[in-house]
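This report concerns only the one structure given below.
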Amino acid sequence: MDSIDRKALEYHSAFPSGKIAVKPTKPTDTQEDLSLAYTPGVAAPVMAIADNPDAVYDYTAKGNLVAVISNGTAILGLGNKGAAAAKPVMEGKALLFKILGGVDAFDIEVDATDIDRFVETVKNIAPSFGGINLEDIKAPECFEIERRLVEELDIPVMHDDQHGTAIITSAALLNALEIAGKKPGDIRMVINGAGAAAIACAELYVKAGVRPENIVMCDSKGVIRNDRTDLNPQKRQFATDRDLHTLKDAIAGADVFAGFSKAGVLGKDMVKTMAERPVIMALANPYPEISYEDAKEARPDALIATGRSDYPNQVNNVIGFPYIFRGALDTRARKINDEMKLAAAHAIAALAKEPVPKSVLKAYRTDRLEFGPDYIIPKALDIRLLETVSTAVAKAAIESGVARKTITDWGDYRKYLKHLIRK
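Residue numbers (the working numbering): 125 to 547.
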């Protein structure tokens with residue numbers, strides 16, 4: 125067993141086991157406190173909610189509570205390991221919600237791979253929560269599960285593997301193209317991988333300005349072409365008629381490579397054929413489609429992002445989901461729509477251009493971080509993300525008409541956000 129594995133098992137098994145717990149938020153010191161907390165005190169809020177269902181946000185924790193839900197069919201890079209095995213990951217996600225966004229989260233592992241059973245289970249427990257974060261559910265089932273839950277529930281639902289990744293990589297893409305002196309509408313892009321993350325990313329890239337006819341998508345069988353008969357509807361929307369059959373064919377002359385696949389599929393010889401100042405987002409984890417060193421050696425002019433923390437430009441969903449849900453919860457949004465996703469992407473991209481606080485430099489043991497090829501998106505421990513991204517998402521929710529609660533004093537809202545994670 126590796127040292128890191130041993131330490132991880134010790135970390136998770138130290139008393140009390142796991143990573144999260146329940147903490148009371150009201151006084152419980154006296155008999156009167158207990159009578160208010162339970163019987164007979166609970167009768168008053170029960171009747172208030174029965175008379176006005178929206179009052180549940182006023183008298184319960186619903187408005188700050190997210191369910192992190194998985195069936196364990198696509199756990200990180202480990203595959204289908206089952207619902208119980210997903211629990212350490214979902215607990216970890218709940219922990220990140222709390223420490224980064226001040227959002228309370230319960231992890232829920234559903235032992236159901238059938239779409240109907242899974243959707244019905246989530247719908248039945250949805251009244252408890254202000255939002256639902258779907259996680260580690262394999263494609264193509266995840267597309268239908270999310271679509272149905274978004275349509276049938278009146279709270280925000282987001283499959284983070286899809287849309288969190290799309291938001292973060294869109295921010296990285298926009299900034300990398302700006303540094304490279306290119307515009308989204310002019311570039312040629314190759315996407316390697318055609319699972320949940322790749323499809324969602326491609327869809328958001330189009331909304332961010334990339335022309336769909338300039339995207340070539342590849343899966344394990346090669347270029348996704350219109351003459352293939354094995355394509356699901358999600359893949360077919362990105363099928364091409366070009367005379368391209370392999371990743372090597374597609375990558376020649378491309379401005380951007382976005383990888384959501386597996387290690388080692390992008391060779392140095394392929395990278396050498398890309399356009400001037402190429403953008404390479406090699407996001408397979410823990411080992412990218414091409415190593416950072418090989419990409420730099422092949423193309424010193426490339427702007428490179430990976431999913432790893434030991435290289436510049438780490439693409440990590442943690443700089444998105446806590447703040448996206450924060451803004452959605454604070455406006456009691458009915459859904460997380462494209463306007464909110466793009467607002468988050470643009471807010472993240474803009475933050476990378478701001479001077480970096482000393483606290484962030486200290487956390488990453490560096491003297492300088494400045495917008496450029498080695499710093500295209502903010503670091504995960506940048507506390508400004510909470511205020512910046514949550515505010516942008518909340519404004520987009522209100523302006524796009526999905527908010528049930530309007531924020532009028534944005535100065536007070538920013539103060540509230542800073543208070544949430546004050547140590």
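Even glycine gets a Cβ: it sits at the ideal position worked out from N, Cα and C.
According to DSSP, simplified to helix, strand and coil, what is residue 283?
As a first step, residue 283 is located in the sequence shown; it is residue number 159 there, counting from the start. DSSP places residue 283 in strand when its eight states are reduced to three.
Around the C-beta of residue 371, are 16 or more other C-beta atoms found within 10 angstroms, so that it is buried, or is it exposed?
Locating residue 371 in the sequence shown gives position 247, counting from the first residue. So residue 371 ends up on the buried side.
Closer than 6 Å by C-beta to residue 322: which residues in its own chain qualify, once you throw out the five before and the five after it? Chain order, please.
Working through the sequence shown from its first residue, we reach residue 322 at position 198. The residues are 315, 384.
Determine the closest residue to residue 305 out of 526, 379, 502, with distance taken between C-alpha atoms.
Position 181 of the sequence shown, counted from the first residue, corresponds to residue 305. Closest by alpha carbon: 379.
Using alpha carbons as the reference points, say which of 232, 443, 352 lies closest to residue 506.
On the sequence shown, position 382 is the one that residue 506 refers to. Of the candidates 232, 443, 352, the one whose C-alpha sits nearest the C-alpha of residue 506 is 443.
So residue 431 is in the alpha helix (DSSP H); what residue range does that whole segment cover?
Counted from its first residue, the sequence shown places residue 431 at position 307. It is not in any alpha helix (DSSP H) - residue 431 carries neither H nor E in the DSSP assignment.
What ranges does the alpha helix (DSSP H) occupy inside the region 292 to 357, keeping only unbroken runs of at least 4 residues that lie completely in it?
Those alpha helix (DSSP H) runs which fall completely within the region 292 to 357 and span 4+ residues are 320 to 331.
Apply the 10 Å Cβ neighbour rule to residue 308 and answer buried if 16 or more other Cβ atoms are within range, or exposed otherwise.
Stepping through the sequence shown from its first residue, residue 308 is reached at position 184. So residue 308 ends up on the buried side.
Nearest to residue 565 by alpha carbon, out of 544, 297, 213?
The shown model of the chain, from 125 to 547, leaves out residue 565, and the question about it has no answer.
Nearest CA to the CA of residue 345: which residue from 334, 358, 369, 267?
Numbered from 1 along the sequence shown, position 221 holds the residue referred to as residue 345. Out of 334, 358, 369, 267, 369 has the C-alpha closest to the C-alpha of residue 345.
Would you grab the beta carbon distance between residue 457 and residue 526 for me? Rounded to a whole angstrom, and I think it's under 8 Å.
In the sequence shown, residue 457 corresponds to position 333, counting from 1. In the sequence shown, residue 526 corresponds to position 402, counting from 1. Indeed they touch by this definition, with Cβ atoms about 5 Å apart.
Alpha carbon to alpha carbon, how far is residue 133 from residue 336? Give it in angstroms, no decimals.
Here residue 336 corresponds to residue number 212 of the sequence shown, with the count starting at 1. Here residue 133 corresponds to residue number 9 of the sequence shown, with the count starting at 1. Cα to Cα, residue 336 sits roughly 45 Å from residue 133.
Can you say whether residue 155 is buried or exposed, counting buried as having 16 or more other CB atoms within 10 angstroms of its CB?
One-based indexing of the sequence shown puts residue 155 at position 31. Counting Cβ neighbours within 10 Å, residue 155 comes out exposed, since fewer than 16 surround it.
Between 515, 529, 432, 523, which has its C-alpha nearest residue 504's C-alpha?
Residue numbering aside, residue 504 sits at position 380 when the sequence shown is read from its first letter. Nearest option by C-alpha distance: 432.
Relative to the C-alpha of residue 360, which residue among 493, 339, 375, 447 is closest?
Walking along the sequence shown from the start, residue 360 turns up at place 236. Comparing Cα positions, the closest option is 339.
Can you tell me which of the three DSSP states residue 391 falls into?
Residue 391 sits at position 267 when you count from the first residue of the sequence shown. If DSSP states are grouped into helix, strand and coil, residue 391 belongs with coil.
Nearest-angstrom Cα distance between residue 95 and residue 229?
For the chain, the structure presents residues 125 to 547; residue 95 sits outside this window and is missing.
If you follow the alpha helix (DSSP H) that residue 252 is in, where does it begin and where does it stop?
As a working mapping, residue 252 is identified with position 128 in the sequence shown. Here residue 252 belongs to no alpha helix (DSSP H), and DSSP marks it neither H nor E.
Straight-line CA distance for residue 408 to residue 430?
Within the sequence shown, numbered from 1, the residue matching residue 408 stands at position 284. Within the sequence shown, numbered from 1, the residue matching residue 430 stands at position 306. Residue 408 and residue 430: Cα-Cα distance of roughly 8 Å.
For residue 611 versus residue 445, is the C-beta spacing smaller than 8 Å?
Lying outside 125 to 547, the shown extent of the chain, residue 611 is not represented and no answer is given.
First and last residue of the beta strand (DSSP E) that includes residue 190?
Against the sequence shown, residue 190 aligns to sequence position 66. From DSSP, the beta strand (DSSP E) with residue 190 extends over 189 to 194.
Locate the beta strand (DSSP E) running through residue 232, then write down its first and last residues.
The residue labelled residue 232 in the question sits at position 108 within the sequence shown. Unbroken beta strand (DSSP E) run through residue 232: 228 to 233.
Count the other C-beta atoms from every protein chain shown that fall within 10 angstroms of the C-beta of residue 483, then say buried if there are 16 or more, exposed otherwise.
The residue you call residue 483 lines up with position 359 of the sequence shown. The residue is exposed, with fewer than 16 neighbouring Cβ atoms inside 10 Å.
Using CA atoms only, rank isn't needed, just tell me which of 224, 163, 450 is closest to residue 545.
To locate residue 545, count along the sequence shown from 1; it is residue 421. Among 224, 163, 450, the Cα nearest to that of residue 545 belongs to 224.
Are residue 212 and residue 136 close, meaning C-beta to C-beta below 8 Å?
Numbered from its first residue, the sequence shown carries residue 212 at position 88. Numbered from its first residue, the sequence shown carries residue 136 at position 12. Yes, these two residues count as a Cβ contact at 8 Å.
Using DSSP with H/G/I as helix, E/B as strand and the rest coil, what is residue 162?
The residue you call residue 162 lines up with position 38 of the sequence shown. In the structure shown, residue 162 sits in coil (DSSP, three-state: anything other than H, G, I, E or B).
How many Å lie between residue 421 and residue 388 at the Cα?
As a working note, residue 421 is residue 297 in the sequence shown. As a working note, residue 388 is residue 264 in the sequence shown. So the two alpha carbons sit approximately 15 Å from each other.
If I'm right that residue 157 touches residue 210 with Cβ under 8 Å, what's the distance once you round it to whole angstroms?
Position 33 of the sequence shown, counting from 1, holds the residue named residue 157. Position 86 of the sequence shown, counting from 1, holds the residue named residue 210. Contact flag wrong, Cβ pair sits at about 37 Å.
Tell me, to the nearest whole angstrom, how far the beta carbon of residue 263 is from that of residue 172; I am working on the premise that it is less than 8 Å.
Residue numbering aside, residue 263 sits at position 139 when the sequence shown is read from its first letter. Residue numbering aside, residue 172 sits at position 48 when the sequence shown is read from its first letter. So it is not a contact: roughly 43 Å between Cβ atoms.
What are the boundary residues of the alpha helix (DSSP H) that includes residue 380?
Locating residue 380 in the sequence shown gives position 256, where the first residue counts as 1. Run containing residue 380: none in the alpha helix (DSSP H); it sits in the beta strand (DSSP E), 380 to 383.
Quick check: what's the CA-CA separation for residue 244 versus residue 272?
By one-based count along the sequence shown, residue 244 stands at place 120. By one-based count along the sequence shown, residue 272 stands at place 148. Whole-angstrom Cα-Cα distance: 10 Å.
Can you tell me the Cα-Cα spacing of residue 317 and residue 178, whole angstroms?
The sequence position of residue 317 within the sequence shown is 193, counting from 1. The sequence position of residue 178 within the sequence shown is 54, counting from 1. If you take the alpha carbons of residue 317 and residue 178, they lie about 42 Å apart.
Mapping the DSSP letters down to three states, classify residue 405 as helix, strand or coil.
The count along the sequence shown starts at 1 and reaches residue 405 at position 281. Correct three-state label for residue 405: strand.
Just curious, the alpha helix (DSSP H) that residue 541 is in, first and last residue?
The count along the sequence shown starts at 1 and reaches residue 541 at position 417. Its alpha helix (DSSP H) spans residues 534 to 544.
In its own chain, which residues sit with a C-beta less than 6 Å from the C-beta of residue 454, not counting the 5 before and 5 after it?
Sequence index remark: in the sequence shown, residue 454 carries index 330 (1-based). So the list reads 518, once near-sequence residues are dropped.
In three-state terms, what does DSSP make of residue 499?
As a first step, residue 499 must be located in the sequence shown, where it is residue number 375. If DSSP states are grouped into helix, strand and coil, residue 499 belongs with the strands.
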